[in-house]
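Following: one structure in structure tokens, then a few remarks.
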Amino acid sequence: MRTYQEQTNLDELQAQSIPRPRLHYRSVARSLRETFDTVIWVAVLFALVNLATARFVVEGASMEPNFHTGEYILVSRLSYLLGDPQRGDIVVFHYPNNPQQDYIKRVIGRPGDTVEIRDRLVYVNGEALNEPYINEACTNSCSDRVWEIGADEFFVMGDNRNHSSDSRAFGVVNRQFIVGEALLRYWPLNQIGSVMDIAYPKE
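Just so we're aligned, residue 13 is where the sequence shown starts under our numbering, counting upward by one.
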């Protein structure tokens with residue numbers, strides 16, 4: 013018969029031999045904190061990207077041959093924080109007659125400019141524009157006319173002059189309606205690249 017002391021010693025040995033689960037509280041807390049920090053940084057980065065850029069999907073043929081329906085364009089909201097759009101810039105703006113709708117066009121006239129269409133050619137301040145980015149001369153909506161561009165106003169046109177609703181139809185675009193400058197085409201994949209070179213030399 014085992015004595016009380018022997019039984020106590022046996023119980024202690026058995027207790028020591030039973031593996032106890034290890035609770036890595038510090039490790040778990042560290043992992044959760046790192047995950048939380050990562051989520052916060054991703055959210056901050058996403059917010060900054062949204063503040064600095066906008067995404068735009070091309071619809072319609074008004075900017076052909078340089079942009080086509082279904083293409084995705086990255087637009088910089090920061091391009092004009094310190095300066096105005098330049099002639100030749102491709103900009104996305106809120107349609108003046110329906111600000112919920114966005115358009116993409118090319119800047120032709122800037123504040124203080126005189127834009128004229130004469131004999132189907134575009135003149136700015138009396139000089140005919142050299143426009144290598146268009147495929148065909150304007151034949152529709154190109155009756156002779158002159159526009160005087162006021163302060164904070166921009167005259168915009170589509171590259172596909174015969175199939176574009178632009179400043180010839182709805183007038184100048186106020187600067188406050190301009191979302192930003194088109195920077196990059198990122199879809200389709202075989203067309204990825206900068207779109208800033210689809211322009212004539214700037215002033």
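Ideal Cβ placement from N, Cα and C applies to all residues, glycine included.
Check: Host alpha helix (DSSP H) of phenylalanine 182 (start-end); Outcome: 179-182
Check: Runs of beta strand (DSSP E) lying entirely within the region 101-158, each at least 3 residues, in chain order; Outcome: 102-107, 110-121, 126-130 and 133-136
Check: Which listed residue (Ile161, Asp171 and Trp159) has its alpha carbon closest to that of alanine 149; Outcome: Asp171
Check: Contact under 8 Å by Cβ, proline 123 with glutamate 83; Outcome: no
Check: Span of the beta strand (DSSP E), counted from its first residue to its last, around glutamate 165; Outcome: 165-169
Check: Residues of its chain near lysine 214, where Cβ-Cβ distance is below 6 Å and the 5 sequence neighbours each way are ignored; Outcome: Since pLDDT at lysine 214 reaches only 49, below the 50 mark, its modelled position is unreliable, and no value is offered.
Check: Which of helix, strand or coil DSSP assigns to phenylalanine 189; Outcome: helix
Check: Outcome for glycine 121 when other beta-carbon atoms lying within 10 angstroms are tallied against a minimum of 16; Outcome: buried
Check: Residue range of the beta strand (DSSP E) that includes serine 88; Outcome: 84-88
Check: Inter-residue CB distance, alanine 194 and valine 119 (contact presumed, cutoff 8 Å); Outcome: Wrong, their Cβ atoms sit about 11 Å apart, outside the cutoff.
Check: Which of helix, strand or coil DSSP assigns to valine 51; Outcome: helix
Check: Per-residue DSSP class, three states only, for glutamate 46; Outcome: helix
Check: Alpha-carbon to alpha-carbon, aspartate 49 and threonine 151; Outcome: 59 Å
Check: Nearest neighbour of serine 177, chosen from Val191, Ile190, Tyr198 and Ser153 [CA to CA]; Outcome: Ser153
Check: DSSP state of leucine 93 mapped onto helix, strand, coil; Outcome: coil
Check: Residue environment, glycine 192, which counts as buried when at least 16 other CB atoms sit within 10 Å; Outcome: buried
Check: Extent of the continuous beta strand (DSSP E) to which threonine 81 belongs; Outcome: Taken as a continuous stretch (DSSP letters only), threonine 81 belongs to no beta strand (DSSP E), as it is neither H nor E.
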